[in-house]
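Step one of this worksheet: look at the structure below.
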Amino acid sequence: MNIFRFAGDMTHLISVLVLLLKIYATKSCSGISLKTQELYALVFLTRYLDLLTDFISIYNTVMKLIFIASSLAIVWCMRVHPIVRRSYDKDLDTFRHYFLVAASFILALLVNEKFGFQEVFWAFSIYLEAVAILPQLVLLQRSGNVDNLTGHYIFFLGAYRALYILNWIYRYFMETHFSRWIACIAGLVQTALYADFFYYYYISWKNKAKLQLPA
Amino acid sequence: DKDDDKHDEL
Numbered sequence: 081m082n083i084f085r086f087a088g089d090m091t092h093l094i095s096v097l098v099l100l101l102k103i104y105a106t107k108s109c110s111g112i113s114l115k116t117q118e119l120y121a122l123v124f125l126t127r128y129l130d131l132l133t134d135f136i137s138i139y140n141t142v143m144k145l146i147f148i149a150s151s152l153a154i155v156w157c158m159r160v161h162p163i164v165r166r167s168y169d170k171d172l173d174t175f176r177h178y179f180l181v182a183a184s185f186i187l188a189l190l191v192n193e194k195f196g197f198q199e200v201f202w203a204f205s206i207y208l209e210a211v212a213i214l215p216q217l218v219l220l221q222r223s224g225n226v227d228n229l230t231g232h233y234i235f236f237l238g239a240y241r242a243l244y245i246l247n248w249i250y251r252y253f254m255e256t257h258f259s260r261w262i263a264c265i266a267g268l269v270q271t272a273l274y275a276d277f278f279y280y281y282y283i284s285w286k287n288k289a290k291l292q293l294p295a
Numbered sequence: 021d022k023d024d025d026k027h028d029e030l
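Protein chains in written order, with this note's numbering: chain D, 81 to 295; chain E, 21 to 30.
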């Protein structure tokens with residue numbers, strides 16, 4: 081475990097905590113895409129199939145359980161919680177995310193490290209995570225105004241995979257037979273999707289202004 | 021060996 085990877089995991093954890101804080105503190109999920117949250121729940125459920133078969137470390141197991149539980153809790157809040165669900169922007173959250181699921185699964189069948197049940201689902205989760213933020217970014221463009229916590233949530237969510245890229249570069253040079261091409265390329269695509277958000281997030285931070293995305 | 025093809029990252 082290197083510092084980049086640990087920082088990435090902590091940043092990812094912070095993003096989840098910020099989102100839970102937003103929903104809990106404001107009892108509202110306005111500005112949050114339920115479709116993106118459903119895609120993340122699917123990403124974790126398909127990526128951590130090895131939870132019961134491969135024990136890596138306590139840290140690894142605990143973090144996997146946290147990500148699975150928190151993503152399911154957020155989807156539950158947005159779908160079922162009587163107060164929170166009322167603030168869901170149903171008519172703005174219209175991205176057809178089933179295409180993302182289908183495309184990721186087809187790609188996983190074609191491009192994977194090994195054609196096995198767990199490996200195909202692992203590759204599927206990697207490809208799906210790379211594009212899972214799209215419904216959220218589209219919703220953000222449409223709703224225009226972004227509350228602070230939502231802005232911070234998306235920032236940390238984008239930053240975590242950028243730190244993972246540094247982790248892969250580090251491991252590439254430090255470990256002899258390290259090759260995670262699937263995760264690395266998908267991670268680059270994933271981080272690139274945040275590029276314009278990062279720009280507007282930086283501008284709002286520099287000008288101490290509210291985060292505004294051009295409509 | 022076995023450890024290599026385990027996905028040790030989250």
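Note that beta-carbon positions come from the ideal geometry of N, C-alpha and C, so glycine has one too.
Note that the structure is predicted; figures quoted are calculated from it, not measured.
Sufficient close CB pairs (3 or more, under 8 Å) joining the stretch 173-188 of chain D to the stretch 87-104 of chain D: A contact between stretches requires three or more CB pairs, one per stretch, nearer than 8 Å, and the stretch 173-188 of chain D fails this requirement with the stretch 87-104 of chain D.
Starting from residue 275/D, trace the alpha helix (DSSP H) in both directions and tell me its first and last residue. Within the first sequence, numbered from 1, the residue matching residue 275/D stands at position 195. It spans 275-286 - the alpha helix (DSSP H) in which residue 275/D sits, taken as one unbroken run.
Could one say the Cβ of residue 147/D lies closer than 9 Å to chain E's Cβ atoms, at least one of them? In the first sequence, residue 147/D corresponds to position 67, counting from 1. Chain E places a beta carbon closer than 9 Å to that of residue 147/D, counting this residue as a contact.
Cβ separation of residue 110/D and residue 167/D, assumed to be a contact under 8 Å, to the nearest whole Å: Your numbering for residue 110/D matches position 30 in the first sequence. Your numbering for residue 167/D matches position 87 in the first sequence. About 5 Å separates the CB atoms of residue 110/D and residue 167/D; that is less than 8 Å, so the two are in contact.
Just to confirm the assignment: which complete alpha helix (DSSP H) runs, minimum length 4, are found wholly within the stretch 213-243 of chain D? Listed in chain order, they are 214-223.
Bridge partners for residue 270/D per DSSP, in chain order? Numbered from 1 along the first sequence, position 190 holds the residue referred to as residue 270/D. Bridge partners of residue 270/D: none, in fact.
Inter-stretch contact (C-beta, 8 Å, three-pair minimum) for the stretch 149-165 of chain D and the stretch 110-130 of chain D: Flag = yes, the stretch 149-165 of chain D and the stretch 110-130 of chain D touch.
Close-in-space but distant-in-sequence residues of the same chain around residue 251/D (CB under 6 Å, 5 per side omitted): By 1-based counting over the first sequence, the position of residue 251/D is 171. Excluding its 5 nearest sequence neighbours in each direction, residue 251/D has C-beta neighbours in its own chain below 6 Å: 258, listed in chain order.
Which residue marks the beginning of the alpha helix (DSSP H) containing residue 85/D, and which one marks its end? Along the first sequence, read from residue 1 onward, the residue named residue 85/D stands at position 5. Note, residue 85/D: alpha helix (DSSP H), 83-106.
CB contact below 9 Å: residue 102/D versus chain E: In the first sequence, the residue the question calls residue 102/D occupies position 22. So, not an interface residue.
Would you check if there are 3 or more beta carbon pairs closer than 8 Å linking the stretch 276-293 of chain D to the stretch 224-236 of chain D? The stretch 276-293 of chain D, when compared against the stretch 224-236 of chain D, does touch it at the 8 Å Cβ threshold.
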